[in-house]
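Everything below concerns the one structure shown next.
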Amino acid sequence: MLDKFREAKQLEIDSLQKDFVEGRLPAVYQGERPSFVEAVRAKGPGAVIAEFKPASPSAGILRDSLNPMDFADMYANNGAAAISVLTEHKYFKGTPDFLFMMSRPGVPLLRKDFIFDPLQVAMTASSPASAVLLIARMCEDVNHLAQLIEIARMPGLAPVVEIFDQADLDMARAAGADIIQVNNRDLDTLEITLDQARRFIKQKQEGELWICASGVSERSQVEEMASLGFDAVLIGTCLMTAEDPGAKLAELTGA
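Residue numbers (full-length UniProt numbering): 1 to 255.
Shown next, in the form of structure tokens:
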């Protein structure tokens, strides 16, 4: 699955490389970039990172007639500590423009995409995003991941490193990651189980911030993950498909 996502990003990377050679990369964003870590810790453990994604590879279009600005306000008003913004176009129907459209409420934004080239991180730094997702196993080795983490931190982006297994966690730690996101989806079967989060949280170390992603759709699950030590849970599909996403988020956050 990750290979097809990597392939889908190649045109974007080729374009960024051309811009870089010709000296046309955008400048670092100069506006306010609220702290992702501080926002999560303020509402954690069990803070909710509400996700905005028009579609997914497994479910197709999740919701028609979306206004990203309306969702940003809705999420901000119903207790979201941060907003995860899908910017991948082919499979999730996202765009980096969402990062600008959803920055108005001042809630920290996490750019969620398939990012494995330094120029993708640089492009993220030209947006109002406060954090960027880095998937450990999309990197060639520890040094590659460490480079992306370092580039992200320079303009003030929080690098969120996503793991699927023990090798990913070991690589993340070796690369200097201090924000760990456990994805509960099995990439081979696409099945989701919270047992993944329950198992990995036992390895949380002092000073680290941990996020549970995929499979949480009820307040009781948010509370369980918080009790286990997760600083935050990332919730997307159940919000995007809810009849009233704001009310569903208020239920999940306890707002």
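All residues carry an ideal CB built from backbone N, CA and C; glycine is no exception.
- Proximity to ALA172 across TRP210, VAL40, ARG198, ARG185 peaks at TRP210, based on C-alpha coordinates.
- When secondary structure is reduced to three states using DSSP, PRO54 falls in the coil class, being assigned neither helix nor strand.
- According to the DSSP assignment, SER227 belongs to the alpha helix (DSSP H) that extends over 219 to 228.
- As summarised for the stretch 94 to 122, the continuous beta strand (DSSP E) elements at least 3 residues long and confined to that stretch are 109 to 112, given in chain order.
- When C-alpha distances from ALA250 are compared across ARG137, SER217, PRO108, the shortest belongs to SER217.
- Nearest in C-alpha terms to THR87, of all of LEU109, THR95, ALA81, is THR95.
- For GLU38, the secondary structure class from DSSP, reduced to helix, strand or coil, is helix.
- Under DSSP, no beta-bridge partner is assigned to GLU206.
- A residue is called buried once 16 or more other Cβ atoms fall within 10 Å of its Cβ, and LYS53 is buried on that count.
- Membership of VAL142 in the alpha helix (DSSP H) is indicated by the continuous run 142 to 153.
- With a beta-carbon spacing of about 5 Å, ASP231 and PRO45 fall inside the 8 Å limit used to define contacts.
- If you draw a straight line from the Cα of MET69 to the Cα of GLU51, it comes to about 13 Å.
- Under DSSP, the beta-bridge partners assigned to GLU162 are ILE135, GLN181.
- ALA82: member of the beta strand (DSSP E) spanning 82 to 86, first to last residue.
- In the three-state reduction of the DSSP assignment, LEU194 falls in the coil class.
- DSSP links LEU157 through a beta bridge to no other residue.
- According to DSSP, ALA47 shares a beta bridge with ALA232.
- As computed with DSSP, GLY60 is found in a beta bridge with SER56.
- The alpha carbon of MET101 has as its nearest neighbour, out of ALA242, PHE71, GLY79, GLU12, the alpha carbon of PHE71.
- For the pair of segments examined, the stretch 25 to 38 was found not to touch the stretch 134 to 146: the number of CB pairs separated by less than 8 Å stays below three.
- Within its own chain, the residues whose Cβ lies closer than 7 Å to the Cβ of ASP178, once the five positions on either side in sequence are excluded, are GLY207, GLU208, LEU209, listed in chain order.
- A residue is called buried once 16 or more other Cβ atoms fall within 10 Å of its Cβ, and ASP113 is buried on that count.
- In the assembly as shown, ASN67 is an exposed residue. Its beta-carbon has fewer than 16 other beta-carbons within 10 Å.
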